[in-house]
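Protein chains: 2
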Amino acid sequence: MAFLTDEKLVIVGAGGMIGSNMVQSALMMNLTSNICLYDVFPPEVGPVGVAEEMRQSGFVDACITATADPAVAFTGAKYIISSGGAPRKEGMTREDLLAGNCKIAEGLGKDIQKYCPDVKHVVIIFNPADLTGLVTLLYSGLKPGQVTTLAALDSTRLQSALAKKFGVMQSKVTGAHTFGGHGEQMAVFGSAVKIDGKPLYDIVGTPEFPTEEWEQMKKDVTQGGAAIIKLRGRSSFQSPSLLSVQMIASVMGGEPFRYPAGTYVSNGKYDHIMMAMDTTLDKNGCTYRVPQGTPEENAKLDASYEHLCKMRDELVTLNIVPPISEWSKINPNL
Amino acid sequence: MAFLTDEKLVIVGAGGMIGSNMVQSALMMNLTSNICLYDVFPPEVGPVGVAEEMRQSGFVDACITATADPAVAFTGAKYIISSGGAPRKEGMTREDLLAGNCKIAEGLGKDIQKYCPDVKHVVIIFNPADLTGLVTLLYSGLKPGQVTTLAALDSTRLQSALAKKFGVMQSKVTGAHTFGGHGEQMAVFGSAVKIDGKPLYDIVGTPEFPTEEWEQMKKDVTQGGAAIIKLRGRSSFQSPSLLSVQMIASVMGGEPFRYPAGTYVSNGKYDHIMMAMDTTLDKNGCTYRVPQGTPEENAKLDASYEHLCKMRDELVTLNIVPPISEWSKINPNL
């Protein structure tokens, strides 16, 4: 069995629906011969059981370990994917969830700094990923290009919606990308989209695809997560798992990742923020370009950035992170 | 993207935990460009949502359809994997479950005969698979080598247990196979097992591996499903999914399947029964050899066969299948 690497990959939250799927996906893709399942081990979602299921699936060539001890999990880790946040529970306010998951991200960042400062790349997917990714990066001491967040689901949702609308294979829809934040404030860019080679904006506004229908589609894409919950009776778990494993595969030197990733941006225009850009993930980590769309799309991206800034500033107000002026004391790379 | 085939694969029960994992696994393994998700569509486990999640995972080259209509699902199908049984519910007796799932298997067999008599291979994994597979075969009109059942989990459990015991990579444990029925009556064969090249029976009975410990391990393997429920708080779903997709991959001409499959046996010694044999799965379907172990192991296999016969005869008594003498009227291949 040829693995992409023999370096250690840690899946955080490996006992959960997303995490256990990541483990399976990483093994199926032959990413690494050394995979460690880390979770907090509540008996009902134990990664020990997931590891055992993997062995019973016939993954006979990989070293599959499971632990609840962060020292064991992170020591020697070169790649990390974390879905290890807490879900929103009854009676929790939005701030409770935000504070809770950002505290978890702080702990993860500190564990990285303590146990695996030589880690090559970290992918964060627990909500709200724009912020948990930022907090992880801050406390990990890593370089901006070493921590990315899952942002691709909005783009694949747009790609899928356009493929269905025009009755073409999804591979025939190219350039369907969303940027900025994840969620209702995302910036959907249509100007680079081609449908079977034909620019989307040559079609929008014609009887084939009236402007109102395109506007509705963009709105639906921002509600894509809720749509899956309605269709499946549970949050999506296979798609976030697969896309994040594809992200880590690309930084391992595998197939290039085809969709935008969330990355740390601080370029004078957008500062001290984690947001989806036009990214490249490879062995050097993440590099980005600011996407250029129509004036309207660019304005939408600016608005998405402003929204993210407000949420980031809320973290400061809630005392979860210090003011930006002090960030470089915690992480000299920022 | 190079697919193993462009022929239609139908996943039955595609909305469930096992079925949705099968869909993902088949797509990840690039088995086919044409996959149909079939289920009964209760809103909480809809295959439409699973199909959408797959599109959102970036499987852009495959045609992924979802339907609740058996005519749409099975017409043109060349390969089928079914996890579409009903789970045991509170207050159900063992007979209720048996009767219910065998009725589902009868319906599946009849759908196959009606809509896709040219199907190449069918893998059945819903419980009790030895019997649901037999009933499916009977009513489908297919040849014995065209319907197999998932039996490999017992073998991978044994392989995993031995690897852990001896501290070797699982790939270093060869020949760890169980035969006959699935469950407590299975026949665990140790005589072909090698641990890193060394015959297991050279080690059993030594201080390194006392006979009692080996006996206990064999017992534990038969309880492997319950162990996963304890460790995960839910039935295994990733391992049955992956192994059954590996089975269908092998009959599509992909990698050879490495573990025993359940197959129809009628050779004078074992008659009119579905049980795990020493099997080969390839483009010609399933062929088998009766495994030869120690006299004790062979006796255990005979006992497992007797147990399966009792269960099969119960199906006759319950009027789920006619007496064996009438089977050839329903399926001339039996």
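Chains as they are written, first to last, in my numbering: chain S, 433 to 766; chain B, 433 to 766. Yeah, the Cβ is synthetic: ideal placement off N, Cα and C, and Gly gets one too. Please read these numbers as outputs of a predicted model, since none were measured by experiment.
Checklist entry - Taking the C-alpha atoms as reference points, what is the distance between Ala503 (chain B) and Val567 (chain B)? => result If I take the Cα positions, the gap works out to 20 Å.
Taking any Cβ of chain B, which residues in the region 684-704 of chain S have a Cβ under 8 Å from it, in chain order?
Those would be Arg690, Tyr691, in chain order.
task: Using the Cα positions of Arg487 (chain S) and Leu459 (chain S), report the straight-line distance between them to the nearest angstrom.
output: A direct Cα-to-Cα measurement between Arg487 (chain S) and Leu459 (chain S) gives close to 10 Å.
**Request:** Under 8 Å by Cβ, that's how I've got Gly694 (chain B) and Ala608 (chain B) pegged, so tell me the actual separation to the nearest angstrom.
**Result:** Gly694 (chain B) to Ala608 (chain B), Cβ: 17 Å. No contact.
Ile496 (chain B) to Asp628 (chain B) span [Cα, whole Å] = Taking the straight line joining both Cα atoms gives about 43 Å.
> To which residues of the same chain is Ala537 (chain S) closer than 6 Å at the C-beta, ignoring the five residues directly before and after it?
Replying inline: So the list reads Thr564, Val567, Thr568, once near-sequence residues are dropped.
Please list the partners that Thr588 (chain S) has in chain B, where partner means a Cβ-to-Cβ separation under 9 Å.
Within chain B, the residues Arg487, Gln488, Ser489, Gly490, Val492 have their CB atoms less than 9 Å from the CB of Thr588 (chain S), given in chain order.
Check your understanding: Do the region 578-594 of chain B and the region 710-721 of chain B meet, that is, are 3 or more Cβ pairs less than 8 Å apart?
Key -> The region 578-594 of chain B makes contact with the region 710-721 of chain B, as at least three CB pairs between them are under 8 Å.
*asked:* Using DSSP's beta-bridge definition, name the partner residues of Gly607 (chain B).
replied: Gly607 (chain B) is not bridged to any residue.
Beta-carbon proximity of Asn453 (chain B) to Leu436 (chain B), cut-off 8 Å: No, the pair does not count as a contact, with Cβ atoms beyond the cut-off.
Quick check: what's the CA-CA separation for Phe491 (chain B) versus Leu590 (chain S)?
Cα to Cα, the separation comes out at about 14 Å.
| query | From which residue to which residue does the alpha helix (DSSP H) around Tyr571 (chain S) run? | reply | DSSP places Tyr571 (chain S) inside the alpha helix (DSSP H), whose first and last residues are 561-572.
- Query: Once you ignore the five residues that flank Tyr811 (chain B) on each side, which residues in its own chain have a CB closer than 8 Å to its CB?
  - Reply: Because chain B is modelled from 433 through 766, residue 811 (chain B) falls outside the range shown and cannot be assessed.
Exercise. Bridge partners of Asn466 (chain B), per DSSP?
Worked result: The beta-bridge partner set that DSSP reports for Asn466 (chain B) consists of B:Cys495.
Would you verify that the beta carbon of Glu616 (chain S) is, or is not, closer than 8 Å to some beta carbon of chain B? Residue-level contact by beta carbon fails for Glu616 (chain S) and chain B, as no gap is shorter than 8 Å.
- Task: Check each residue of the region 554-574 of chain B: if its Cβ is closer than 9 Å to any Cβ of chain S, include it; give the result in chain order.
- Result: Residues of the region 554-574 of chain B with a C-beta atom less than 9 Å from some C-beta of chain S do not occur.
*asked:* Among B:Glu644, B:Ala593, B:Gly613, B:Lys651, whose alpha-carbon lies nearest the alpha-carbon of Val625 (chain B)?
replied: It is B:Ala593 whose Cα lies nearest to the Cα of Val625 (chain B).
(message) Please identify, using Cβ separations under 9 Å, the residues of the region 598-624 of chain S that lie next to chain B, in order along the chain.
(response) Of all residues in the region 598-624 of chain S, Met601, Gln602, Ser603, Lys604, Val605 have a Cβ within less than 9 Å of some Cβ in chain B.
Residue closest to Leu733 (chain S), alpha-carbon to alpha-carbon, out of S:Gly717, S:Asn559, S:Ile705, S:Trp759
Ranking the options by Cα distance to Leu733 (chain S), first place goes to S:Ile705.
Cβ closer than 7 Å: which chain B residues qualify as neighbours of Leu766 (chain S)? Taking a Cβ-Cβ cut-off of 7 Å, Leu766 (chain S) has no neighbours in chain B, whose nearest Cβ is about 31 Å from it.
Quiz item: Of the choices B:Gln678, B:Ile635, B:Val605, B:Tyr633, whose alpha-carbon is the least far from that of Ile557 (chain B)?
Solution: Taking each of B:Gln678, B:Ile635, B:Val605, B:Tyr633 in turn and checking the Cα distance to Ile557 (chain B), the smallest one comes out for B:Gln678.
Handout entry: Alpha-carbon spacing of Ala681 (chain S) relative to Asn466 (chain S), whole angstroms
Key = Straight across, the Cα-Cα distance linking Ala681 (chain S) with Asn466 (chain S) is about 14 Å.
Review point. Cβ of Glu728 (chain B) less than 8 Å from any chain S Cβ?
Key: Taking Cβ atoms only, chain S never reaches closer than 8 Å to Glu728 (chain B), which makes this a no.
Please report how far the alpha carbon of Leu529 (chain S) lies from the alpha carbon of Asn763 (chain S), in whole angstroms. Cα to Cα, the separation comes out at about 25 Å.
* Do you know how far the Cα of Asn533 (chain B) is from the Cα of Asn559 (chain B)? -> Between Asn559 (chain B) and Asn533 (chain B), the C-alpha separation is close to 7 Å.
Worksheet item: Taking C-alpha atoms, which residue in S:Asn699, S:Ile752, S:Pro727, S:Pro672 lies nearest to Met449 (chain S)?
Response: The shortest Cα separation from Met449 (chain S) among S:Asn699, S:Ile752, S:Pro727, S:Pro672 belongs to S:Pro672.
**Report entry** Reduced DSSP category for Thr525 (chain S) - H, G, I as helix; E, B as strand; rest coil
**Finding:** Shown here, Thr525 (chain S) sits in coil according to DSSP, grouped into three states, outside any helix or strand.
| task | List the endpoints of the continuous alpha helix (DSSP H) containing Gly481 (chain B). | result | Gly481 (chain B) -> alpha helix (DSSP H) spans 479-488.
Report yes or no: is there a C-beta of chain S within less than 8 Å of the C-beta of Leu582 (chain B)? For Leu582 (chain B), the answer is no, since every Cβ of chain S falls outside 8 Å of its Cβ.
Can you determine whether any heavy atom of the ligand GDP sits closer than 7 Å to the C-beta of Ser676 (chain S), and answer yes or no? Absence of the ligand GDP is noted for the structure shown, with no ligands found whatsoever.
Quiz item: Out of S:Ala494, S:Ser623, S:Thr507, which has the shortest C-alpha to C-alpha gap to Thr726 (chain S)?
Solution: Looking at the Cα atoms, S:Ser623 is the closest of the given residues.
| query | Does Gly481 (chain S) have its Cβ less than 8 Å from a Cβ in chain B? | reply | Contact with chain B is found for Gly481 (chain S), since one of that chain's Cβ atoms lies less than 8 Å from the residue's Cβ.
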